[in-house]
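Just so you know, the sequences run in chain order A and B.
Start counting at 1 in the first sequence, then tack on 21, and there's your number in this note's numbering.
Start counting at 1 in the second sequence, then tack on 21, and there's your number in this note's numbering.
There are 2 protein chains.
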Amino acid sequence: MTALDKTKEAELVARVKAGEEVACARMMTWAERGDPRFAVAYDAFHADLGRARRLGITGPPGAGKSTLVERLALHWRGLDRTVGIVAVDPTSPFTGGALLGDRVRMGELSLDKGVFIRSMATRGVFGGLARATDDIADVLDLNGRDMVVVETVGVGQSEVDVAKSSDLTLVVLHPGGGDTIQAMKAGLMEVADIYVVNKADRPGVDRLVQQLTDILDVRDIPLQDRPPILTTVATEGTGIVELAGQIDASLAEREADGRLAGRRGENLRRRIRRIVDGRLRQDVWELAGLSERLDQGTAGLESGTGASVSAYGLAEEILSDYRERRHGETQA
Amino acid sequence: MTALDKTKEAELVARVKAGEEVACARMMTWAERGDPRFAVAYDAFHADLGRARRLGITGPPGAGKSTLVERLALHWRGLDRTVGIVAVDPTSPFTGGALLGDRVRMGELSLDKGVFIRSMATRGVFGGLARATDDIADVLDLNGRDMVVVETVGVGQSEVDVAKSSDLTLVVLHPGGGDTIQAMKAGLMEVADIYVVNKADRPGVDRLVQQLTDILDVRDIPLQDRPPILTTVATEGTGIVELAGQIDASLAEREADGRLAGRRGENLRRRIRRIVDGRLRQDVWELAGLSERLDQGTAGLESGTGASVSAYGLAEEILSDYRERRHGETQA
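Okay, structure coming up:
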């Protein structure tokens, strides 16, 4: 039974590797749902990974990230490179899925077999957004995509983490999109390997570039690590060739001097930590009785008034229970 | 020794309860750092909690949240209510702390003993932002603050979660701040109990209110749960009295019909889950040897090419190790 299942997983791996889109989509669904079959499949293909170039693209809402990704994809297609795009859109509670919005504009690309686009919700993804996007990017790598782009629309901690989990991270800003202090607040500045000032036909572009330059001056970083600042007008395709050239150059440089390998190692370490943390979390709450224990305990704690056990106390009790139960199982 | 320590913690609890600001700040630092003394102190005071009204205020950058909070605080002071504000600002990597920015404007309030303001970084907070802000809000409750406001500047998943962990959540938007679709994407719409359209002296306010109304119409929610939409010009104090009145009315209504108690129960359940998850995560990586195991394992996995064990495989090995070690300790 297990052997048969593994054969099925190996079969899907082979189909993804052969470039099949349907197989690709199916394996991504496994990844999103935390389906155990993904881990089985992963064991069978992980040694084949590492060929694709992975870009993380992030920035505040309205910076024009999707249009920029679209333009980059068209450019790469012109160079005969295949492309995979993972677009992370938070779910709306009432559409029940990723909002289309920007994605609709990708129409031009969606007819091209050389471009695979996957929209993801940030909610309801099993075991965390970063874990799922890493896995999905791997599927695109296995699928033979030359360039894999993960675009996150948010500016929160977890969204920024996603963009960091790549070979190279682009931070896209635009003039008039609020002060750069907002981007600093969002933690965007520390993840940027390349700054893209998009909508550069609008007023304020010089000031924004100057602000970024000043901030970089203050940070006193080694010259090789200093993020270049490029300007684009994605809607008109201006600056895309230069940006794509900079991306290639930065990647080549980092590959040559070992920084790429180092970064991939770091990403991998963070990723395994996430997998372990996610599994443990799952383990506790799936262990029969502990969720019920929580419900009963909190019913007593209502509003925090007059209860005999505190939230921290109850958490400790649940943890002890977990360890004891696991202990019992190991002995059995 | 332990008894002595507990006495010290009880002493600090008493000082916080007596309204001492220095004691308050110290206990918040324990909470932020995940200091075990916080859990000890918590056991001693949790039964006293639940008196303060807790508001979560969130919205996209630039909506004017801080000014709005400042105005509300001034209004409440006029009614002789004491106020506690937790302002969540992501850390900049090179300032090494929370950026001041907006906070500077709070000058008027900072001289008033009736208002306690705590700025928090989203990074480097031990065990997650939501866990820490819940704890800090509790300290303000213990400190006797009538109104406790948690303001999050971000629009990411974890920041929205923070705003949800309250008695009532305000979502602040402003005309010209991008389409409401951006707010929907950020998951803001589902947490709103009250919508505030700030900067209502700017063009586009009618359109924004109409968009929100349309969205609420589509959602088909029960009338009692339908979030009211209020307009304000926080910089001029316009609409603040009405907003404060709506906040009081919504809270009173929810208290009377039991929704408040239900929500507090839910918040508590989520919170205990977070504590358990955080403790487990800490437990694994602090257990001697497992971090080293990860480092050794990933050194072999470099770039994912040609390795014999996959990331998922290594994660499983670390988990088994953890369980076995914990098992060994329980037996010892």
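We treat Cβ as the ideally placed atom computed from N, Cα and C, and that holds for glycine.
A distance below 8 Å separates the beta carbons of residue 255 (chain B) and residue 219 (chain B). When secondary structure is reduced to three states using DSSP, residue 139 (chain A) falls in the strand class. Using a Cβ-Cβ cut-off of 8 Å, residue 298 (chain B) counts as an interface residue toward chain A, since at least one Cβ of chain A sits closer than that to its own. In this structure, residue 152 (chain A) sits near residue 296 (chain A), with a CB-CB distance shorter than 8 Å. Taking residue 62 (chain A) as the centre and dropping the five residues before and after it, the same chain places the C-beta of 30, 31, 33, 34, 48, 51 closer than 8 Å to its C-beta, in chain order.
Per DSSP, the beta bridge partners of residue 172 (chain B) are B:78, B:108. In the DSSP assignment, residue 214 (chain B) is bridged to no other residue. If you draw a straight line from the Cα of residue 165 (chain B) to the Cα of residue 134 (chain B), it is about 12 Å long.
Contact annotation for residue 339 (chain B) against chain A: 293, 297 [CB-CB distance below 8 Å, chain order].
Distance check between residue 286 (chain A) and each of B:182, B:186, B:167, B:315 places B:315 closest, using alpha-carbon atoms only.
Counting only Cβ-Cβ distances below 7 Å, residue 333 (chain B) has contacts in chain A at 60, 63, 64, 296, in chain order. Taking a beta-carbon distance threshold of 8 Å, residue 336 (chain A) counts as an interface residue toward chain B. Comparing alpha carbon positions, the residue from A:70, A:93, A:67 closest to residue 78 (chain A) is A:93. Here residue 133 (chain B) carries a coil assignment [DSSP, helix/strand/coil].
In the assembly as shown, residue 246 (chain A) is an exposed residue. Its beta-carbon has fewer than 16 other beta-carbons within 10 Å. Ranked by Cα distance from residue 191 (chain B), the first of B:137, B:141, B:252 is B:252.
When A:46, A:338, A:260, A:273 are compared, the shortest CA-CA separation from residue 138 (chain A) is found for A:46. For residue 192 (chain B), there is no enclosing alpha helix (DSSP H); the enclosing beta strand (DSSP E) has its first and last residue at 189 to 194. Flagged as an interface residue toward chain A: residue 290 (chain B), by a C-beta distance shorter than 8 Å. For residue 268 (chain A), the secondary structure class from DSSP, reduced to helix, strand or coil, is helix. Annotated three-state conformation of residue 242 (chain B) is coil, per DSSP. Within the segment 88 to 107 of chain B, no residue places its CB atom closer than 9 Å to a CB of chain A. Residues are counted here when their Cβ sits less than 7 Å from a Cβ of chain A; for the segment 262 to 287 of chain B these are 282, 285, 286, given in chain order.
Using a Cβ-Cβ cut-off of 8 Å, residue 302 (chain B) counts as an interface residue toward chain A, since at least one Cβ of chain A sits closer than that to its own. Taking C-beta separations shorter than 8 Å and ignoring five residues to either side along the sequence, the partners of residue 281 (chain A) in its chain run 188, 272, 275, following chain order.
The C-beta of residue 50 (chain B) comes no closer than 8 Å to any C-beta of chain A. The criterion of a C-beta distance shorter than 8 Å is satisfied by residue 289 (chain A) and residue 319 (chain B). For the 8 Å CB-CB criterion, residue 70 (chain B) and residue 155 (chain B) do not form a contact.
The beta carbons of residue 260 (chain A) and residue 221 (chain A) sit closer together than 8 Å. Residue 319 (chain B) has a beta carbon lying within less than 8 Å of a beta carbon in chain A. The beta-carbon of residue 308 (chain A) is placed no less than 8 Å from the nearest beta-carbon of chain B. Note on residue 279 (chain A): under 16 other CB atoms within 10 angstroms of its CB, so exposed under the neighbour-count rule. Residue contact check for residue 132 (chain A) against chain B: no CB pair falls below 8 Å.
Counting only the Cα atoms, residue 312 (chain B) lies some 11 Å from residue 343 (chain B). For residue 251 (chain B), the uninterrupted beta strand (DSSP E) segment begins and ends at 250 to 252.
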